[in-house]
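Inspection log for the structure reproduced underneath, given as structure tokens.
2 protein chains.
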Amino acid sequence: MADIYRALADPTRRAVLDELYERDRQTLFELCGRLAMKHGVASSRQAVSQHIAVLEEAGLVRAEREGRYRFHTIDTAPLREIAERWPARGRKDGQT
Amino acid sequence: MADIYRALADPTRRAVLDELYERDRQTLFELCGRLAMKHGVASSRQAVSQHIAVLEEAGLVRAEREGRYRFHTIDTAPLREIAERWPARGRKDGQT
DNA sequence: TTGACATGCAAGTGGAAGCTTGCGTATTGT
DNA sequence: ACAATACGCAAGCTTCCACTTGCATGTCAA
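Shown next, in the form of structure tokens:
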């Protein structure tokens with residue numbers, strides 16, 4: 484399982500997570516279109532594909548094939564590692 | 484305020500945060516020594532200094548000068564942005 | 001089967017990131 | 001004052017990263 488922090492380092496990859504968080508089970512083409520429309524991301528299909536590969540290696544995105552389509556789904560579970568590594572300490576407002 | 488995600492992307496910077504999380508108000512020299520001892524980080528003083536600069540720009544580390552010393556302190560507040568951006572949804576175990 | 005569609009792979013390129021190197025500045029102890 | 005300490009600045013180098021480009025694979029409809 485690859486580096487989750489490095490996966491989050493790129494703004495385009497974060498936009499992919501944003502988009503998948505809004506709507507799960509999107510194909511690569513759907514993602515490209517919606518990224519361009521709603522997130523101002525003008526990346527090519529190949530670029531987005533490579534970003535998705537990084538997110539998959541980090542466990543943040545899962546994909547399942549159906550025919551010639553590949554549907555992508557976000558998995559926020561690995562993000563908990565971050566909050567658990569440096570938890571907010573001893574403040575009245577700190578929760579997780 | 485610079486990119487918090489990019490600041491977390493480097494393993495040495497994460498080790499700095501780990502070390503400051505254990506013990507606040509460390510100088511650059513203290514950090515270098517403790518990183519080498521306890522975290523297996525063999526970075527030079529200048530390298531660590533540059534990493535700290537990145538962490539400061541991201542708001543994750545604050546520093547206050549006293550004489551010829553500069554004491555560094557961790558600030559975990561910016562990390563909440565991550566948990567709040569992709570909160571765990573609708574699972575029985577998800578909290579923040 | 002054939003063409004169109006959705007995706008996969010892999011080499012090459014430009015630029016940013018991390019590190020080193022060398023010198024400079026400010027503070028402290030004797 | 002003078003040396004030692006702690007840190008700062010900036011140029012140069014090397015490596016990695018994101019993107020492109022071109023072609024290949026697999027699936028579906030007619």
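Respectively, the protein sequence lines represent chains R and G. Letter by letter, the first sequence follows residues 484 to 579 of the working numbering. Letter by letter, the second sequence follows residues 484 to 579 of the working numbering. Quick reminder that beta carbons are idealized off the backbone N, C-alpha and C, glycines included.
Original post:
Listed from N- to C-terminal order along the chain, which residues in the region 557-572 of chain G have their beta-carbon within a distance smaller than 8 Å of any beta-carbon of chain R?
Top reply: ILE557, THR559, ALA560, LEU562, ARG563, ILE565, ALA566, ARG568, TRP569, PRO570, ALA571, ARG572
- Examine the ligand NAP and report whether any of its heavy atoms sits within less than 8 Å of the Cβ of THR495 (chain G). Questions concerning the ligand NAP fall outside what the structure shown contains, since it holds no ligand whatsoever.
Collapsed DSSP secondary structure at ALA525 (chain G) in the structure displayed: Position 42 of the second sequence, counted from the start, is the residue given in the question as residue 525 (chain G). Here ALA525 (chain G) carries a coil assignment [DSSP, helix/strand/coil].
Problem set entry | Residues that ALA580 (chain R) bridges to, as DSSP identifies them | Given a span of 484 to 579 for chain R in the structure shown, any question on residue 580 (chain R) remains unanswerable.
Problem - PRO561 (chain R) to GLU547 (chain G) span [Cα, whole Å] - result: As a working mapping, residue 561 (chain R) is identified with position 78 in the first sequence. As a working mapping, residue 547 (chain G) is identified with position 64 in the second sequence. Rounded to the nearest angstrom, the two C-alpha atoms are 34 Å apart.
Practice item. Give the C-beta separation of VAL524 (chain R) and ALA498 (chain R) to the nearest angstrom, bearing in mind that I take them to be a contact with Cβ-Cβ under 8 Å. Key: Within the first sequence, the letter at position 41 stands for residue 524 (chain R). Within the first sequence, the letter at position 15 stands for residue 498 (chain R). The Cβ separation is near 5 Å, so the contact holds.
**Asked** Which partner residues of GLN509 (chain G) appear in the DSSP bridge assignment?
**Response** Position 26 of the second sequence holds residue 509 (chain G). Bridge partners of GLN509 (chain G): G:HIS555.
* Please work out which residues of its chain come closer than 8 Å, Cβ to Cβ, to LYS521 (chain G), disregarding the five sequence neighbours upstream and downstream, and give them in chain order. => The residue you call residue 521 (chain G) lines up with position 38 of the second sequence. Only GLU502 meet the Cβ criterion.
- [ ] Going by CA-CA distance only, name the one from G:ARG563, G:GLU539, G:GLY516 that's closest to PRO570 (chain R).
- [x] Residue numbering aside, residue 570 (chain R) sits at position 87 when the first sequence is read from its first letter. Of G:ARG563, G:GLU539, G:GLY516, the residue nearest in Cα terms is G:ARG563.
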